Structures are given as structure tokens and as C-alpha cells.
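Residue numbers (the numbering used here): 625 to 1078.
C-beta: ideal position from N, C-alpha, C; glycine also.
Computed from a prediction, not measured in an experiment: that's the story for all the values here.
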Amino acid sequence: MSTSYVHDLMAHVRDFHPGETEFHQAVQEVAESVALVIDRHPEYAKAKVLERIIEPQRAILFGVPWVDDSGEVQINRGYRVQQNNAVGPYKGGTRFHPSVNLAVMKFLAFEQTFKNSLTALNMGGGKGGADFDPKGKSDAEIMRFCQSYMTELYRHLGPNVDVPAGDIGVGGREIGYLFGQYKRLSGEFTGTMTGKRLAWGGSKLRPEATGYGLVYFVEQMLEVRGERLDDKVCLVSGAGNVAQFTVEKLLDLGAKPVTMSDSGGFIYDPEGIDSDKLYWIQDLKNVRGGRIAEYADRYPRATFTPVDASLDHNPLWSTPADIALPCATQNEINAADAAHLIEGGVRLVAEGANMPSQADAVEAFHEAGIVFAPGKASNAGGVAVSGLEMAQNSSHSQWSRGEVDAKLHQIMKDIHRTCAERADEYGVPGNYVHGANIGGFIRVGDAMLQQGVV
Ligand code: NDP
Ligand code: 2IT
625 MSTSYVHDLM
635 AHVRDFHPGE
645 TEFHQAVQEV
655 AESVALVIDR
665 HPEYAKAKVL
675 ERIIEPQRAI
685 LFGVPWVDDS
695 GEVQINRGYR
705 VQQNNAVGPY
715 KGGTRFHPSV
725 NLAVMKFLAF
735 EQTFKNSLTA
745 LNMGGGKGGA
755 DFDPKGKSDA
765 EIMRFCQSYM
775 TELYRHLGPN
785 VDVPAGDIGV
795 GGREIGYLFG
805 QYKRLSGEFT
815 GTMTGKRLAW
825 GGSKLRPEAT
835 GYGLVYFVEQ
845 MLEVRGERLD
855 DKVCLVSGAG
865 NVAQFTVEKL
875 LDLGAKPVTM
885 SDSGGFIYDP
895 EGIDSDKLYW
905 IQDLKNVRGG
915 RIAEYADRYP
925 RATFTPVDAS
935 LDHNPLWSTP
945 ADIALPCATQ
955 NEINAADAAH
965 LIEGGVRLVA
975 EGANMPSQAD
985 AVEAFHEAGI
995 VFAPGKASNA
1005 GGVAVSGLEM
1015 AQNSSHSQWS
1025 RGEVDAKLHQ
1035 IMKDIHRTCA
1045 ERADEYGVPG
1055 NYVHGANIGG
1065 FIRVGDAMLQ
1075 QGVV
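Quick look at the structure:
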């Protein structure tokens, strides 16, 4: 039953969503897990639950015209994919990056649906963004772009409808401009965006939440195996929001991060990236807009390796280590990288980014006995604290850093437990991919069965 279920479903998905490779990749992985559920619970297949989750409930595509500093008119394409609202209003980030297209938005909105379900908070799945490249743009250009993007999108949003946040290329500054325009057009001050600054409705610890949550999840993965983070050598990719706070929490817990990267290449610091060095990177990336290559000039014992498109692998993943935490972007680990990670002694991989590991890399990890956590479980801390921001906004309150941290910690523990229990229950113990997909699916699926065909 299960093989033909996945085969038939995927044939339809490829036919109905042609050319959307990232979307197919994300759906295939979930379908393989759901097949295990459907063998025992044919009611989900009968009601076409997964088929209905796969089809976005709404996908908005719109032109975003704006005027650059030289007076020239520019046009980008904006998106918001409202995938599923069975367990709460659509919720998910906003990505501004030249690689954004409908397939990327749909895979992210699909993944978000399962991730948000795993948090056990009332959030459905969505994702938005534009193929706009914020690099090299002035502050005024960023503001005009955000205002134009929101001028179309605002009519589709609301605190109980759809609540965007940040993602690649969208941080506190962009959320400010997006929120400002939303507020002006809607005439209301509501918690319609998360990731807001603290003074006007943001939650403490939201910037840190994805990276901290990732490391809390890793702690759980190690704990059940009788291990701790102390002295573990960690490979981190990316140098943005998720990577920075991953490194910060790794340092807090005694681990030794040795790499970070951006789209130009990666740095390897055999002495470890300590908190002073991290602070320097945060200033470089968040204030000065510099490139990670500069780290090797500042810290001469470190090396910088530029991206080499002629290679079939990324040498970052050939660095010997205990743990790998990809925190940059999708598909950054291929099968060759996975082989190098295994050779280099890595025993645990947990995704901070969304779908950074290709399907054959995940297969290689499982075959090699590497403990692997998919992003929809291990990076859920960001959206979880977004959910806490929504709760604070609707009750007009603000919790302390300690309160939010305790709740985040508990949510990551609970997600870990859900994944482990579902994996055991369905005969795939220790497999966090199946555990996360099944855990995320059952909550949304049950809500859909209870709410009827809508
Ligand atoms: P940022 O924009 O803050 O940082 C992104 C980092 O990844 C930068 O170092 C960037 O390099 C690098 N990067 C991005 N795209 C590419 C690419 N195509 N090739 C090589 N390097 C790339 O984003 P975030 O840290 O917020 O997001 C990182 C990942 O984490 C994404 O997959 C995102 O979806 C995921 N995520 C984010 C959450 C959040 O709360 N922000 C929550 C959960 C997941 P450069 O500066 O050179 O572009
Ligand atoms: O991928 C993600 O989970 C995010 N970018 C965060 C989404 C959110 O709504 O906080």
C-alpha cells in the first residue's frame, strides 16, 4: 500500500505542480512518512488529507513596483502562500532573496505547516517573500520596497488571518517598515507581524529564538544518548540571524563552533569562534554589511575558503567535527557533502535552515547511523516564539526574557518528545524525519477531519 500511495501521489504532484523541484522534494519526504500512518489509518487517505494539505489554500502573486535612489523604476515579484489554516491563522516568514520563486515559497509554506503544528500552538502554515535583493540597497530603498510590497499584501493579512515574520533578508528593520505600512493601510495597531522591535509589541528573545531553539533541540538529542554538548566541535554554516544565535548558544553550553559562512565562502577557525569573535561577526554582518572573508584578515589563524562553483561539494562540510548545524539555505548539503561529513567524524546533524539537506544526503546520514534532525523540528524555536509574541500582543502584555526562554526550552523539549514518540509508535525508532512528519501531520490531519471538507 505505502509504496503505491507515495508513487501515485507524487506522480500527481509532479503533474499538477510542474517544474517546482523544491516543492516536490519537500512533499516527497512527508509523503513517505504519511504512508506509514495511512497503512494504519486509512481514514486520512479516504478524506484526501495530505492531498488537501499539499494544495495551498491560497497563493498570492503580485508585482512590486518601486523607485530606486537614482529615480529608476524597478519591478519585483512578491508572493504569499497561505498553505493551511486547520490549526490556526496562516503563520510564517518573509524572504527577500533573488532566488525566491513560487516553488521555493510553496516548499517553505508546506514545511511551515508541519513545523507550526509541532509547536502545539495555534498557527497554520504560510510563507511569503519576493525576489528582491536587499544587498547593496540604501535604507530608503529598503523602506520603499517594503511599503510597496505591503501595499498589495495588507488586504490578505490580519492578526487572526495571516501573520508574517522575517526570514532570509528580512530582519527587525524590514519588519518595522512592513508593519508601519500595514498599520497605516489597515488603520489598526494589531499583532499582525511578529519579529517586531521590543518597544512596539515585539517579544523578548525572538531574534535569538531559532538559534537558541536549535541548540536546545540538539541538547535533547544528545541527552537521550547520554551525551552533552561540552567540548563538541561544531560546524555551522551561514552568518545571519540563525547562525549567529546558534553559535551564541553553543558557546553558552560549552561547545566549540569552528566554522561560519556566507554566499562568498566559509571561515574555519581551529581555535574556535569565541564570544568576542562572534560579537565582531555580528557587528560585521548586522551593522557594517561586510563579508565573512574579512574574518580571516582580522583573525589570522583562521582560514577563508571562497565558494568554488567547479567543485561538486562544499569544503566546509569536509572539516573534521562532531556536530553539523547547517543554518544558511535550502539544499546546501548534497550527497558528496554528506559523505565528507561522515568521513570527518560527524555523528549528529541538526538543521537550522529549512531543508538544507538534499534527500540523498539524509539517506546517507541514516545509513551511516548519524542522528539527524530535520529543520521542521529543530528550527521551530523561531516560529514558536513568534507564537508567543502573538499571545503577548493579544493579551497586551510583555513577558520577561526568562519567561520566554523557559517556554521556548519547554516547547523544544516537547517537539523532541513528539518526534521520538511518533517514530517509536510507527516502527521507525530514532528517525526524527518520520517522527516530525508524522507528529506534524496527525495534528493538522485530525483538525481537518473534524472540520470537514472546507
Ligand atoms: P539571514 O538573511 O539572516 O542569513 C542568511 C545567511 O545564509 C547569510 O549568511 C547568507 O549569506 C546565507 N545564504 C542565504 N542564501 C544563500 C544562498 N543561496 N547561498 C549561500 N548562502 C546563502 O537569514 P536567516 O538566518 O534568518 O535564515 C537562514 C535559514 O534559516 C533559512 O533557511 C531560513 O528559512 C531558516 N529559518 C529562519 C528562521 C528565522 O527565524 N529567521 C526560522 C527558521 C528557519 P549572504 O549574507 O552572503 O547572503
Ligand atoms: O522558517 C521559519 O520558521 C521562519 N522564518 C519563522 C517564521 C515565523 O513566523 O516566525
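Query                                                                                                      : Result
Meets three-Cβ-pair contact criterion under 8 angstroms: the segment 809–816 and the segment 703–723       : no
Extent of the continuous beta strand (DSSP E) to which F686 belongs                                        : 682–691
7 angstroms Cβ cutoff, V995 in contact with chain E                                                        : Among the chains in the structure shown there is no chain E, since it carries only a single protein chain.
Inter-residue spacing [alpha-carbon to alpha-carbon] between L838 and G695                                 : 43 angstroms
C-alpha distance - R971 paired with D946, whole-angstrom precision                                         : 6 angstroms
Q954, buried or exposed, once every other Cβ within 10 Å from all chains shown has been counted against 16 : buried
Pick from G815, G913, H990, K1037 that is closest to V1079, judged by C-alpha positions                    : With the chain covering only 625 through 1078, there is no way to say anything about residue 1079.
Of the listed residues I966, A963, K1000, D984, nearest to E975 (C-alpha basis)                            : K1000
Contact test: D791 Cβ vs the ligand 2IT heavy atom, cutoff 6 angstroms                                     : yes
C-beta atoms of V931 and G889 nearer than 7 angstroms                                                      : yes
Cβ pair S741, V1057 closer than 7 angstroms                                                                : no
Y703 beta carbon less than 7 angstroms from that of G752                                                   : yes
DSSP-derived helix/strand/coil call for P939                                                               : helix
First and last residue of the uninterrupted alpha helix (DSSP H) at Y842                                   : Inspection of the sequence shows that residue 842 is occupied by Val rather than by Tyr. That run of the alpha helix (DSSP H) goes 830–847.
Sequence ranges, beta strand (DSSP E) only - wholly within the segment 697–753, length at least 3          : 697–708, 714–716, 718–720
Contact between the segment 858–866 and the segment 879–899 (3+ Cβ pairs under 8 angstroms)                : yes
Residue of P894, S899, Q649, V848 minimising C-alpha distance to F869                                      : S899
Three CB pairs or more closer than 8 angstroms across the segment 1032–1052 and the segment 843–855        : yes
Proximity winner among V866, A727, Q771, L940, relative to N910 (alpha-carbon distances)                   : V866
A959, enclosing beta strand (DSSP E) - first and last residue                                              : Taken as a continuous stretch (DSSP letters only), A959 belongs to no beta strand (DSSP E), being part of the alpha helix (DSSP H) at 959–967.
L829 versus G819 - alpha carbon distance                                                                   : 9 angstroms
Sequence ranges, beta strand (DSSP E) only - wholly within the segment 966–1043, length at least 3         : 972–974, 995–997
H937 and A917 closer than 7 angstroms at C-beta                                                            : no
Exposure label - S628; buried when at least 16 CB within 10 Å                                              : exposed
Cβ separation of M1014 and V787, assumed to be a contact under 8 angstroms, to the nearest whole Å         : 6 angstroms
The ligand 2IT heavy atom lying under 6 angstroms from the CB of V1068                                     : no
Contact test: G716 Cβ vs the ligand 2IT heavy atom, cutoff 6 angstroms                                     : yes
T834: CB within 6 angstroms of a non-hydrogen atom of the ligand NDP                                       : yes
N-terminal and C-terminal residue of the beta strand (DSSP E) that P788 is part of                         : 786–788
Cβ-based neighbour list, N1055, same chain, cut-off 8 angstroms, excluding 5 preceding and 5 following     : H990, A1047
Exposed unless 16 or more other CB atoms sit within 10 angstroms - verdict on S1021                        : exposed
Touch test, the segment 761–768 against the segment 727–746, Cβ-Cβ under 8 angstroms, three pairs minimum  : no
Alpha carbon of Q906 to alpha carbon of G716, nearest angstrom                                             : 25 angstroms
N-terminal and C-terminal residue of the beta strand (DSSP E) that L859 is part of                         : 857–860
Residue of V1078, K670, F640, F769 minimising C-alpha distance to D692                                     : F769
beta-carbon G1006 near the ligand 2IT non-hydrogen atom, thresh 6 angstroms                                : yes
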